[in-house]
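J.:
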Amino acid sequence: EPEVTQTPSHQVTQMGQEVILRCVPISNHLYFYWYRQILGQKVEFLVSFYNNEISEKSEIFDDQFSVERPDGSNFTLKIRSTKLEDSAMYFCASSLRTDGRDTIYFGEGSWLTVV
Amino acid sequence: KQEVTQIPAALSVPEGENLVLNCSFTDSAIYNLQWFRQDPGKGLTSLLLIQSSQREQTSGRLNASLDKSSGRSTLYIAASQPGDSATYLCAVRPWGYTDKLIFGTGTRLQVFP
Numbered sequence: 015e016p017e018v019t020q021t022p023s024h025q026v027t028q029m030g031q032e033v034i035l036r037c038v039p040i041s042n043h044l045y046f047y048w049y050r051q052i053l054g055q056k057v058e059f060l061v062s063f064y065n066n067e068i069s070e071k072s073e074i075f076d077d078q079f080s081v082e083r084p085d086g087s088n089f090t091l092k093i094r095s096t097k098l099e100d101s102a103m104y105f106c107a108s109s110l111r112t113d114g115r116d117t118i119y120f121g122e123g124s125w126l127t128v129v
Numbered sequence: 393k394q395e396v397t398q399i400p401a402a403l404s405v406p407e408g409e410n411l412v413l414n415c416s417f418t419d420s421a422i423y424n425l426q427w428f429r430q431d432p433g434k435g436l437t438s439l440l441l442i443q444s445s446q447r448e449q450t451s452g453r454l455n456a457s458l459d460k461s462s463g464r465s466t467l468y469i470a471a472s473q474p475g476d477s478a479t480y481l482c483a484v485r486p487w488g489y490t491d492k493l494i495f496g497t498g499t500r501l502q503v504f505p
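Quick mapping for you: the protein sequence lines, in order, are chains A and B.
Numbered by the numbering used here, the letters in the first sequence go through residues 15 to 129 in order.
Numbered by the numbering used here, the letters in the second sequence go through residues 393 to 505 in order.
In structure tokens form, the structure reads like this:
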């Protein structure tokens, strides 16, 4: 079964450093998402992306965050200057469409630890 | 604002039992509801998707029901097995021009032999 793949699986970074998390969505999917889960808390929506632009973002997704689809297969989340509170599991997801009828498929996650 | 709650927070049962996990949401205006499984430190595996017009969906030993008007969904697991041990999350997609899913806090299930 096709799957969403994410790299790295775990990254430790110093506060203030830039981090790029990478994702390869399912190949024929058109809608891409990033979610995060702080340890012990709910999974939270960050951003959705379609047709090479952000379609929706949450209040968490401030100016230190950015997303990009640099080529036909990768989808990246960049955190410009990491803070301790950015420590979380970051999930990439994709779906074929977003009309409410489609399953959203999630990757295995990238665990980010900011020290 | 849509809030999603799951009860119980944790459940420990012997193998073979039939289980019911509950999910409630405060706003009945939803496109769909999705149930996920999450193993410790792992990603989210989609189990079932129920559209707002549907009452239930089945996949193998899993059956999910939706009562949109009362803001409730249940996930029924028949003949539980130790391999079912995981955290089960429900998520709703609100009605309207939005792409996001709103997740509950999950039910941590342990099935012991």
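The beta carbon of each residue, even a glycine, is placed where N, CA and C say it ideally should be.
(1) Would a C-beta distance cut-off of 9 Å place Gln-398 (chain B) and Val-484 (chain B) closer than the cut-off?
(2) So the beta strand (DSSP E) Ala-456 (chain B) belongs to, where does it begin and stop?
(3) Is the distance from the Cβ of Phe-89 (chain A) to the Cβ of Val-38 (chain A) below 9 Å?
(4) Could you tell me which residues DSSP pairs with Arg-500 (chain B) in its beta bridges?
(5) Output yes or no for whether 9 Å exceeds the beta carbon distance between Ile-494 (chain B) and Phe-59 (chain A).
(6) DSSP has Thr-27 (chain A) in a bridge; who is on the other side?
(7) Kindly list, in the order they appear in chain A, the residues whose Cβ is closer than 7 Å to that of Gly-435 (chain B).
(8) DSSP on Leu-425 (chain B), reduced to helix/strand/coil?
(9) I need the DSSP call for Glu-99 (chain A), collapsed to helix, strand or coil.
(10) Flag this pair as touching only if the region 18-29 of chain A and the region 93-100 of chain A have three or more C-beta atom pairs under 8 Å; answer yes or no.
(11) So which of B:Ser-472, B:Trp-487 and B:Lys-492 has the shortest CA-CA distance to Phe-504 (chain B)?
(12) How is the beta strand (DSSP E) around His-46 (chain A) delimited, first residue to last?
(13) Can you tell me whether Lys-393 (chain B) is buried or exposed? The criterion is at least 16 other CB atoms within 10 Å of its CB, across all chains shown.
(14) Using a C-beta cutoff of 9 Å, does Lys-92 (chain A) count as contacting chain B?
(15) What are the boundary residues of the beta strand (DSSP E) that includes Ile-34 (chain A)?
(16) Which chain A residues sit within Cβ distance under 8 Å of Asp-459 (chain B)?
(17) Any idea what DSSP makes of Pro-16 (chain A), helix, strand or coil?
(18) Pull up the DSSP beta-bridge partners for Tyr-104 (chain A), would you.
(19) Between Ile-501 (chain B) and Tyr-480 (chain B), which are expected to be in contact by the criterion C-beta below 8 Å, what is the C-beta distance as a whole number of angstroms?
(20) For Pro-486 (chain B), does the three-state DSSP call read helix, strand or coil?
(21) Which residues, in order along the region 73-88 of chain A, keep a beta-carbon less than 8 Å from a beta-carbon of chain D?
(22) Going along chain B, which residues have a C-beta under 9 Å from Ser-62 (chain A)?
(23) My understanding is that Glu-122 (chain A) touches Gly-435 (chain B), with C-beta atoms under 8 Å, so please give their C-beta distance in whole angstroms.
(24) Output yes if chain A places a C-beta closer than 9 Å to the C-beta of Gln-502 (chain B); else output no.
(25) To the nearest angstrom, report how far apart Gln-20 (chain A) and Leu-403 (chain B) are at their CA atoms.
T.: Looking at the atomic coordinates:
(1) To locate residue 398 (chain B), count along the second sequence from 1; it is residue 6. To locate residue 484 (chain B), count along the second sequence from 1; it is residue 92. When the beta-carbon positions are compared, Gln-398 (chain B) and Val-484 (chain B) stay at least 9 Å from each other.
(2) Here residue 456 (chain B) refers to the residue found at position 64 when the second sequence is read from its first residue. Its beta strand (DSSP E) spans residues 454-459.
(3) Position 75 of the first sequence, counting from 1, holds the residue named residue 89 (chain A). Position 24 of the first sequence, counting from 1, holds the residue named residue 38 (chain A). Yes; because the gap between Cβ atoms is below 9 Å, this pair is in contact.
(4) For the purposes of this step, residue 500 (chain B) is taken as residue 108 along the second sequence, with counting starting at 1. Arg-500 (chain B) is bridged by DSSP to B:Ala-402 and B:Thr-479.
(5) Within the second sequence, the letter at position 102 stands for residue 494 (chain B). Within the first sequence, the letter at position 45 stands for residue 59 (chain A). Yes, they are a contact pair.
(6) Reading the first sequence from its first residue, position 13 is the one you call residue 27 (chain A). Thr-27 (chain A) is bridged to A:Val-128.
(7) Along the second sequence, read from residue 1 onward, the residue named residue 435 (chain B) stands at position 43. The contacting residues are Phe-105, Phe-120, Gly-121, Glu-122 and Gly-123.
(8) Start at 1 with the first residue of the second sequence, and residue 425 (chain B) comes out as number 33. Leu-425 (chain B) falls in the strand class under three-state DSSP.
(9) Translated into positions along the first sequence, residue 99 (chain A) becomes position 85. In this structure, DSSP gives Glu-99 (chain A) a helical state, which the three-state scheme calls helix.
(10) Segments in contact, yes.
(11) In the second sequence, the residue the question calls residue 504 (chain B) occupies position 112. Cα-wise, what sits closest to Phe-504 (chain B) is B:Ser-472.
(12) Position 32 of the first sequence holds residue 46 (chain A). For the record, residue 46 (chain A) in the displayed sequence is Phe; it is not His. Unbroken beta strand (DSSP E) run through Phe-46 (chain A): 45-51.
(13) Position 1 of the second sequence, counted from the start, is the residue given in the question as residue 393 (chain B). Per the 10 Å Cβ criterion, exposed.
(14) Stepping through the first sequence from its first residue, residue 92 (chain A) is reached at position 78. By the rule that beta-carbons nearer than 9 Å mark a contact, Lys-92 (chain A) does not touch chain B.
(15) Here the question's residue 34 (chain A) lines up with position 20 in the first sequence. Ile-34 (chain A) -> beta strand (DSSP E) spans 33-38.
(16) Counting from one through the second sequence, the residue named residue 459 (chain B) turns up at place 67. Contact annotation for Asp-459 (chain B) against chain A: no contact, minimum CB-CB distance about 18 Å [criterion: below 8 Å].
(17) For the purposes of this step, residue 16 (chain A) is taken as the residue at position 2 of the first sequence. Three-state result, Pro-16 (chain A): coil.
(18) Translated into positions along the first sequence, residue 104 (chain A) becomes position 90. A:Arg-50 and A:Ser-124, per the DSSP bridge assignment.
(19) Walking along the second sequence from the start, residue 501 (chain B) turns up at place 109. Walking along the second sequence from the start, residue 480 (chain B) turns up at place 88. Reading the sequence as shown, one finds Leu at residue 501 (chain B) and not Ile. Confirmed, Cβ separation roughly 6 Å.
(20) The residue you call residue 486 (chain B) lines up with position 94 of the second sequence. Correct three-state label for Pro-486 (chain B): strand.
(21) Absent from the structure: chain D. Protein chains present are A and B.
(22) If you number the first sequence from 1, residue 62 (chain A) lands on position 48. Within 9 Å Cβ-Cβ: Thr-490, Asp-491 and Lys-492.
(23) Working through the first sequence from its first residue, we reach residue 122 (chain A) at position 108. Working through the second sequence from its first residue, we reach residue 435 (chain B) at position 43. The C-beta separation of Glu-122 (chain A) from Gly-435 (chain B) comes to about 4 Å, placing the pair in contact by the 8 Å criterion.
(24) Translated into the one-based positions of the second sequence, residue 502 (chain B) becomes position 110. No, no contact with chain A.
(25) In the first sequence, residue 20 (chain A) corresponds to position 6, counting from 1. In the second sequence, residue 403 (chain B) corresponds to position 11, counting from 1. Computed Cα separation, rounded: 31 Å.
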